[in-house]
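Residue numbers (the working numbering), protein chains in the order written: chain R, 1 to 474; chain Y, 1001 to 1474; chain V, 2001 to 2474.
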């Protein structure tokens, strides 16, 4: 599909060319060093390996030389250090040869923040005369070997010397990678931590929903499996496969969707109370606000499951059996149910509200795809995420309310004083909607807007003359 | 997920460094100025604020100084003007100090085309000796403060001085933004209008579909609610929730999908008639052609709704009641319906056609995602959008035709001489398919291809020797 | 939506400016030359056309001059050669005028690898004194004219002279295109082949699935249409529309999903057997491994179809008729089926397993979108594609096994000794899962991990001291 990088078929052509290729030295003949060296060789660079035991090193394509570190260092002014941090010390012996050269640190650690300073900064302390560039640590040896650069085509480059960085970024681009400048060498720590992360922004949403899910599950098992077993001696365990999940999932989706909008309301109340937007929020609130997109996507996943679990209802054996026995009963008793327009209205309404809510939810999900959200401006993004988001919440809450509609009246609902799950799941969304409704009223929304445009209450005199930038953000 | 920008945790490290940071001056301590200044400070820049009343300005992180405009201007050769356009005039007093410096205009207006010239050009007239760069107006203060750069990481930069632009773009990238060069200062107008837009390409498709939707709705209410009420005194209002939408949505989807392909056919006919592709199309046709993707996505949204509305049919109370009473009737009359193979064939066929059409439709939708369409070449894009698109249209039209199949014969269909909606919705797609079929015939397709490759009828002599580029586009 | 490029409305403003625009010469007034020239003119460049018969050339916007090649060449040091390769020879006459100038080759061929060397390299042989840059061949004339740059905004630029490349890339960016540097002129061949490709990575997956699909179809027609016709004289042809596809599609989805994981297992076995990862895999295995993403997406498409085909079951005439006649039968015989908990369990389980498998499958599909996979690091990508991928395969295999559960016992299943399709489709996934289970056991996984980190068996001495980069890839 994509023209990603040089490939081997073009190799012979490069040979013909009179154009003299740039030489790059790689220190270390380990897996990553070899992969990177061979890839650069394929892409037209002249590559030289430096090794402790050059005569012992394994297979290399013809045209690649392996020599001692000192010799290899002589060959190029750009040296890739494909060696573990623990072995960096031997570089001090070569300090003189490395003077003024570009050393590219490609190393990774095994844990986040394993060392006090980043490997690249450590290297720059060991060889102070060299220009250190951090790069290529986000790419895997396997991806370089196989050419499948699906993930991790991103190469983050940092360093204190602009020209060195530029040269390393040029190599990256020739290799088909996306090289981005991350600033000075101080960014190396972050770049080294990056490949060790496993979905950091997803942790809170996933733990939260796992916890809520377990709670709903236990609650539902008590209400829907243990209670009928105790009182009616009925075996309802088969409900564990579909019926109970299909009570838990919509509850999860609605609660989590409401939790997406709760922190924004809390922040607004805090700002109103403090009279300024310039004091920091509590840490947990800040983190919560940064995770809202992930929370919303988890909610969407539950909504998606709820939709499919609902659509399979008519093909379930249990449902077919129940419907059939109803018909058979009607015939045996010779009593036909008349058509009830209210039931038809209620039934169709909650289904329609649910479908429309799900539709908007999917729309929100699509606009949160990076390639889509990068194409909308701030105003459009806020329109979607705030206006459409609240509309989704309103529709989904209404769906649940109307679903309960016919049953709120029935007293037989409480089992051991426990209401059904959908009643529980309505608590947070209703709270959020009520608070939002209050905040939207002019007496609150006007001061809030002013605060969010930078106005501060209490500050005795504030130079308002040309402050603000004509943007009103919530 | 993404390594977006510097963060505060790296702040202490920056302090240690002996590396002398670049100083940037910000004029104006309003919301946006403060947010941008603090962000730059976090990212390692030394930041100085210029203010009218420096002693009165509010909270700033330690290390940021606030001083008078003149003093602040002395500190750096790069000054960010975070001030409303109306207050720019005071800068004329500082003209001497600003001589040769880079002034970054970050301002936005409240309306599209509020002033005859852009704010940046106005600034360059006020301070002719300075190098003006337009930038950062697409980023919001809130995004800078919170670090959630989901939308609007795009920074469009323009200016007449290349080096100044480069410096501003470097700052943007250090802040984790995506800076793109938009050319000379003349682009400022467009850049200032950009954040004020609200889905400009979606307006025509949305208005069109809203209008069509209202028409179909009124039509359907007359046929399916008022008619039975008048003639049979039946209350069919509950059909408003699901039955009627599920007649409107497929009609909308089919009509809009056909409207995606209609302008292409009109353009081809115009080109054939005129004998050249170099004369402009009428404005409305041009705009229509540019909105086709959006039209198609609106059609897909209706198709998606139609699918879910159809799949919930068997869980509706009304449907279950009707099916049950049928069975009960059969038993009471002791007459069982025999299995009708033709009905089975027709029923299964229209469902299968619909599913396949929807499947291709979803495929078209996925390939219109920016990240996907950026990865296909022109030939692949045309294959998908043209070949697969017409196949989708054919399948969806066939789905509707076969759906009607059993009922076209029944005379009871007309109510007040109004045919059902699906008959109406077939008009445009059938027209499009017939016209396309005619255009595909060699007597039309051959001259059309030549015209689209640049050939012109009537032009007495045309230098064909080495014109064209071997590309045949429709 | 996106601010893509300059547009005509800004034209008048450019006129006012005192800023002197850069002049670009275009050789050739064919379709592509004209489109590119006019677009550059709109974007503020001064454009001059060179033509064989300047007086005969057609419509051009005011301000664009057409003159002889020699004259046009004098006007600018950057010349775009919008001429077919066959006509390049006339450029040798102009060799003197073209000395030291930048010639931009924009040509495409009609077939892949039509000529031994690329057009750009041929041009550089014809005019050795010029600096040749290959660019713009991936953009279509139509896209330039209409401004709809949905596809093919990618411009690949290559050339041996860095500065020339930079200038051409600047022009591309001013035109709203995404210009990427592809290295030296040797990359021209690949760049010229790029726009001629039609989904090269999709060929193998699509052919494979087409073959498998035909096999399953014929197999199913024999079992489900011909067999009942021969033995029971029953007309089951209507099953061709939905019932039979809904047996083929899940079989396809499961088999193809397993085929995604099979090559990885083969590769692991090969590596274990050879004791090294540095010898090449057979070509077919390499290609298979590179197509895994596409194979998986085809499998997802079949799974999606299977889901919708399953959800429409209850609205099918055939199904409704069968269910009704069952009820009627029960009443007539006055015998009601009792509720069978085991059937309820089995039925609900296989549905639930299928839903969860499909859910994870969709998740895998979403993460394979380029914009999503670009944002995850290598560790996250491997977590999704390997861990979640195998979980999906396990769930889908379990879904099929439990689906068969009730029926594996029935002897009536074999028709002409042919088992049902779902039994066939279980062969590959079960093989894959068993092999994976074996490979995961420590006695195999430990040496495999070491091999994949670069360790080699048999190599008498290997310098392990600082080899490896702390990355363990499978």
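Virtual Cβ for every residue (Gly too), placed ideally from N, Cα, C.
As computed with DSSP, residue 2067(V) is found in a beta bridge with 2050(V). Relative to residue 1367(Y), the option among 1400(Y), 1331(Y), 1296(Y), 1433(Y) whose CA is nearest is 1296(Y). Boundaries for residue 2134(V): no alpha helix (DSSP H) harbours it, while the beta strand (DSSP E) harbouring it runs 2131-2134, taken from the DSSP string.
The beta-carbon of residue 173(R) is placed less than 7 angstroms from the nearest beta-carbon of chain V. Cα atoms of residue 1129(Y) and residue 2112(V): separation of roughly 55 angstroms, rounded to the nearest angstrom. Ranked by Cα distance from residue 186(R), the options 117(R), 196(R), 171(R) are led by 117(R).
Restricting attention to 1217(Y), 1031(Y), 1325(Y), the CA atom closest to the CA of residue 1424(Y) is found in 1217(Y). Cβ neighbours of residue 2076(V) within its own chain (closer than 6 angstroms, five residues either side excluded): 2023, 2024, 2025. Residue 457(R) and residue 1064(Y) have their C-alpha atoms some 22 angstroms from each other. Straight-line measurement puts the Cα of residue 2372(V) at about 7 angstroms from the Cα of residue 369(R). Listed in chain order, the positions of the segment 2310-2324 of chain V with a beta carbon within less than 8 angstroms of a beta carbon of chain Y are 2311, 2312, 2314, 2315, 2316, 2317, 2318, 2320, 2321, 2324.
Under the Cβ criterion of 7 angstroms, residue 1236(Y) is not counted among the residues facing chain V.
Per DSSP, reduced to three states, the secondary structure at residue 2159(V) is strand. For the segment 2099-2139 of chain V, the continuous alpha helix (DSSP H) assignments of 4+ residues that do not extend past its boundaries occur at 2119-2126, in sequence order. Burial is judged here by how many other beta carbons sit within 10 angstroms of a residue's own beta carbon; residue 142(R) has at least 16 and is buried.
The three-state reading of DSSP puts residue 1385(Y) in helix, counting H, G and I together.
When the five nearest sequence neighbours on each side are left out, the beta carbons in the same chain lying within less than 7 angstroms of the beta carbon of residue 2293(V) are those of 2368, in order along the chain. In this structure, residue 1104(Y) lies near residue 1168(Y), with their beta-carbon atoms less than 7 angstroms apart. Rounded to the nearest angstrom, the gap between the Cα atoms of residue 2330(V) and residue 2356(V) is 35 angstroms. Boundaries of the alpha helix (DSSP H) harbouring residue 258(R): 245-274, taken from the DSSP string. Residue 2318(V) holds the alpha-carbon nearest to the alpha-carbon of residue 1341(Y) among 2337(V), 2318(V), 2332(V), 2298(V). Exclusion of the five residues before and after residue 132(R) leaves 103, 105, 120, 123, 124, 159, 185 as the residues of its chain whose Cβ lies within less than 7 angstroms of its Cβ. From the beta-carbon of residue 138(R), the residues of chain V found nearer than 9 angstroms are 2377, 2378.
Taking a Cβ-Cβ cut-off of 7 angstroms, the neighbours of residue 1327(Y) in chain R comprise 327, given in sequence order. Under the DSSP assignment, residue 2313(V) falls outside any alpha helix (DSSP H); it carries neither an H nor an E label. When 9 angstroms is used as the limit between beta carbons, residue 2331(V) is near these residues of chain R: 327, 328, 331, 332, in chain order. Per DSSP, the continuous alpha helix (DSSP H) segment holding residue 1437(Y) begins and ends at 1427-1440.
For residue 221(R), the three-state secondary structure derived from DSSP is helix.
Two segments are said to touch when three or more pairs of C-beta atoms, one from each, lie closer than 8 angstroms; by this definition the segment 2202-2212 of chain V does not touch the segment 2175-2183 of chain V. Under the DSSP assignment, residue 367(R) falls in the alpha helix (DSSP H) whose first and last residues are 341-367. Between the segment 2260-2267 of chain V and the segment 2219-2236 of chain V there are fewer than three C-beta pairs closer than 8 angstroms, too few to call the two in contact. In the DSSP assignment, residue 154(R) is bridged to 178(R). With respect to residue 255(R), residue 428(R) sits close: the two C-beta atoms are nearer than 7 angstroms.
Note that the C-beta distance between residue 1144(Y) and residue 1062(Y) is not below 7 angstroms. Closer than 7 angstroms to the CB of residue 308(R) there is at least one CB belonging to chain V. Measuring C-alpha to C-alpha distances from residue 305(R) to each of 242(R), 278(R), 290(R) identifies 242(R) as the nearest.
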